[in-house]
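J.: Below you will find the structure I want to go over with you.
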Amino acid sequence: MKVNCIPFQETGYFSKLICDYLNEDQHLEPFFNRLPILQNFDAQIAEKQANYDSAHRNVLTSAIERQYVGFNCSEPTRKNIESLSSNTTFTITTGHQLNLFTGPLYFLYKIISTINLTKKLRQEHPNYNFVPVYWMATEDHDFDEINYFNYRGKKIKWNINANGAVGRLRTDGLDKVFEVISQQFGVTTNASELKSLFEKSYLEHTNLTDATRYLANELFGDFGLVIVDGDDSQLKRLLVPFAKKDIFDNIPHEQVTKSISALSSVSQTYKIQVNPREINYFYLKDDLRERIIEKSGSYYINTTDLKFSKSGLENELETFPERFSPNVIARPLYQEVILPNLCYIGGGGELAYWLELKAYFDNLGVTFPMLLLRNSALVIREKQYEKMERLDLDSSDLFLTQTSLVNKKIRKISNIEIDFSSQKRHLEKQFQELYQIAEETDKSFLGAVKAQEVKQKKGLDKLEKRLLKAQKRKLKDHVIRLTELQNVLFPNQSLQERQLNFSELYLQYGKDLIPQLMEILDPLANGFLILRH
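Taking our numbering as reference, the numbering of the sequence shown is continuous, increasing by one, and the terminal residue is 702.
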């Protein structure tokens, strides 16, 4: 694959907050720990070593080993798991929902970014070991967000009634999805491999957690990826002291609220990604996952008849820590408490809410990780690139809104000048003379002159728009080819990586897909990659 790169900031697909973070805006320094550059990892390692409870390593290793029972653990992954018990081993982590068949394409980019950063760090710091971790969001309950994937513009969906944490859902009904993809994928060798992967993942495992672990392990196990499920009683016992500070002292609510206010004072245009609750934990049991709510000193489980006194809930937490499930605010802290983690890799939306959390981490004495924007990429096939050349398109042109793209190209290829700027300048010069006349005669005449200038400028704007519209009709064929190409590369006017499933690329590239991406994606490139094949 041939690689080109454009800055994230120039794509138009990243928020002002993330662009300011990438631009190292000094006003954001209170909201992160260290910038994710190689020379900063020495200090991050030292801080994590000082603050991380080394006793957690044996608990972590034991829990992960137990989670892998019954799975084919590759030699690189096995060695990485064993190394976690050493105080010279650290993790680089990404997380993702349990989307059906990986969901959007960027699932691959997240994990590859994570694996590739550990490779770079091993070269830079040979005295330490670095383990790539995929944190499965098994406790999420937003089933409608994960029960489908897109294939060639159509949604392939798993239809069941679902309650509770998605990781605990039985895989019943996925045989129907398998029938659909068996028809859609075709009969090529690559198609057979994909169908086999789906079948072994979802039809040979009884719950979504195990199915997703199998799938991710098959795709990335040879690269040493370690998969962690936080829905684990051993691991959650380590979280108990921090959960108490949330549930009974409301520290995250207080600290994150202050951080949100401080972020807003930096820029009122920053979009706040998540808002904290007074209690940032759910009660989790069987197929139940509901918010814990405090009222007048008692603790209620939302939409149920369950009720606890303060001492009763504290006893429940001590006895059954697995029944307490962190929400989007508490989960990052959980991750950093149990993992010897240095850096979190995520998308723009994820990093936006992580930037709300540093003061909360500081208050609880937990090291805040470095935050790295994951790789993003647009894959352009050779025939599509040839169309781009015929249309005289640059890669950056594709990121324009469709209206802006069409207008730009029509103005460029039209044999008529569709720009009345010179006429407007000439008009302004004429009106300057009228203003002088008005000054010398009756100043009340100035308002009439100004109104006439505005009217005539608006008239020129309308004429320019009508001329552009007329040229679009005249060059209709070019407009159609232009929009069709952009619609293919940016489905639903969105980034390809947010719409496509990896299966579409796998059908073309087969087993070479992930190794090729592994060779190309540089987690520290700080740009949006254009991959031409």
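The beta carbon of each residue, even a glycine, is placed where N, CA and C say it ideally should be.
#1: With DSSP as the reference, label residue 181 as helix, strand or coil.
#2: May I ask which residues mark the beginning and end of the alpha helix (DSSP H) holding residue 440?
#3: Buried or exposed: where does residue 196 fall if 16 or more other Cβ atoms within 10 Å of its Cβ makes it buried?
#4: What residues are listed by DSSP as bridge partners for residue 698?
#5: Going by C-alpha distance, which of 516, 509 and 523 is nearest residue 499?
#6: Determine the closest residue to residue 285 out of 702, 697, 688 and 695, with distance taken between C-alpha atoms.
#7: Should residue 483 be counted as a contact of the ligand MN given a C-beta to heavy atom distance under 7 Å?
#8: Cα-Cα, which of 266, 245 and 297 is closest to residue 210?
#9: Are the beta-carbon atoms of residue 415 and residue 450 separated by less than 8 Å?
#10: Buried or exposed: where does residue 410 fall if 16 or more other Cβ atoms within 10 Å of its Cβ makes it buried?
#11: Report the residue from 490, 365, 402 and 376 whose alpha carbon sits nearest the alpha carbon of residue 387.
#12: Measure the beta-carbon distance from residue 269 to residue 317 and round it to whole angstroms, keeping in mind my assumption that it falls under 8 Å.
#13: Taking the straight line between their C-alpha atoms, what separation do you get for residue 654 and residue 277?
#14: Work out the CA separation of residue 304 and residue 685 for me, nearest whole Å.
#15: Consult DSSP for residue 421 and reduce its assignment to one of helix, strand or coil.
#16: Can you name, in chain order, every residue of its own chain whose Cβ lies under 8 Å from the Cβ of residue 252, other than the five neighbours on each side?
#17: With which residues is residue 304 paired in a DSSP beta bridge?
#18: Tell whether a beta-carbon distance below 8 Å holds between residue 377 and residue 438.
#19: With DSSP run on the structure shown, which of helix, strand or coil describes residue 517?
#20: Among residues of its own chain, excluding the 5 on either side of residue 246, which ones have a beta-carbon nearer than 7 Å to its beta-carbon?
#21: What does a CB cutoff of less than 7 Å around residue 675 pick up in its chain, not counting 5 residues either side in sequence?
#22: Who are the Cβ neighbours of residue 407 in its own chain at under 7 Å, not counting the five residues just before and after it?
#23: Quick check: what's the CA-CA separation for residue 295 versus residue 541?
#24: Do residue 665 and residue 319 have their CB atoms nearer than 8 Å?
#25: Can you find the residues in the same chain that come closer than 7 Å, C-beta to C-beta, to residue 662, ignoring five residues on each side of it along the sequence?
#26: Could you round the C-beta distance between residue 267 and residue 315 to whole angstroms and report it? I think they count as a contact, below 8 Å.
#27: Just to confirm, are residue 528 and residue 424 a CB contact at a threshold of 8 Å?
#28: Rounded to the nearest angstrom, what separates residue 347 and residue 701 at their Cα positions?
#29: Which residues in the same chain as residue 220 place their Cβ atom closer than 6 Å to its Cβ, once the five residues preceding and following it in sequence are excluded?
#30: Considering just the uninterrupted stretch of the alpha helix (DSSP H) at residue 451, what are its terminal residues?
#31: Across which residues does DSSP place residue 477 in a beta bridge pair?
#32: Rounded C-beta distance between residue 200 and residue 428? I'm assuming under 8 Å.
#33: With DSSP as the reference, label residue 351 as helix, strand or coil.
#34: Taking the straight line between their C-alpha atoms, what separation do you get for residue 677 and residue 380?
T.: The answer reads as follows:
#1: coil
#2: Where residue 440 is concerned, there is no enclosing alpha helix (DSSP H), given that its DSSP letter is neither H nor E.
#3: exposed
#4: Looking at the DSSP assignment, residue 698 forms a beta bridge with 174 and 546.
#5: 523
#6: Nearest of 702, 697, 688 and 695 to residue 285, Cα basis: 688.
#7: Of ligands this structure carries none, so the ligand MN is not represented either.
#8: Nearest Cα to residue 210 within the set 266, 245 and 297: 297.
#9: Residue 450 sits close to residue 415, with the two beta carbons spaced by under 8 Å.
#10: Counting Cβ neighbours within 10 Å, residue 410 comes out exposed, since fewer than 16 surround it.
#11: Nearest to residue 387 by alpha-carbon distance, out of 490, 365, 402 and 376, is 365.
#12: 6 Å
#13: 24 Å
#14: 24 Å
#15: In this structure, residue 421 counts as helix in the three-state DSSP scheme.
#16: Excluding its 5 nearest sequence neighbours in each direction, residue 252 has C-beta neighbours in its own chain below 8 Å: 258, 298 and 300, listed in chain order.
#17: 264 and 397
#18: With respect to residue 438, residue 377 sits apart: the two C-beta atoms are not nearer than 8 Å.
#19: helix
#20: Correct list, in chain order: 390, 393, 394 and 395.
#21: Residues 359, 363 and 682 of the same chain have their beta carbon placed closer than 7 Å to that of residue 675, with the five preceding and five following residues left out of the count.
#22: 225, 228, 506 and 507
#23: Residue 295 and residue 541 have their C-alpha atoms some 22 Å from each other.
#24: Contact flag unset, no.
#25: 571
#26: By a beta-carbon distance limit of 8 Å, residue 267 contacts residue 315. Their separation comes to about 6 Å.
#27: Yes, they are a contact pair.
#28: 31 Å
#29: 536
#30: Careful: residue 451 lies outside any alpha helix (DSSP H), inside the beta strand (DSSP E) at 450-454.
#31: 468
#32: 7 Å
#33: helix
#34: 24 Å
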